[in-house]
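FYI, UniProt numbering numbers position 92 of the sequence shown as 92, with every residue one higher than the one before it.
Just so you know, even glycine gets a beta-carbon here, dropped at the ideal spot from N, CA and C.
In this text the structure is predicted, and so the values were computed from the model without any measurement.
Since the structure comes first, as structure tokens, the remarks are kept for the end.
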Amino acid sequence: MVEEKNREDAVKALVYEATARIRDPVYGSTGAVCQLQKMVQELKTQLESTKARVLELQQQKDQFWGILLNVNHLDLLSTINGGSFPLDFDDFIAHDPTKFPSEWDDWII
């Protein structure tokens, strides 16, 4: 016999198990629990895989930034001028928008 204060919970448990038995006559609520446990395990595996991928990408990013920082310490102009790209310094830097070439003077309104 169930104590009076626990009767409501007992009825809910019986209704839940009866509903689960209708869906799965062999396993009932145990089948649902096993399915959920399997899903949790699969999600844990996916999470670990994702964490490993994030770590790998962070390491690649750190390597990339390290390469960029090392390149900034090199003398790029002497490397380019010494190679097959003979450029003047003025050709290498970006266009200054405050200084327009004379052929563009007719564009200014």
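Residue i vs residue j beta-carbon contact at 8 Å
| i | j | result |
| --- | --- | --- |
| Ala-18 | Ala-32 | no |
| Ala-13 | Val-2 | no |
Extent of the continuous alpha helix (DSSP H) to which residue i belongs
| i | result |
| --- | --- |
| Glu-17 | 7-23 |
Exposure of residue i, with buried meaning 16 or more beta-carbon neighbours within 10 Å
| i | result |
| --- | --- |
| Val-15 | exposed |
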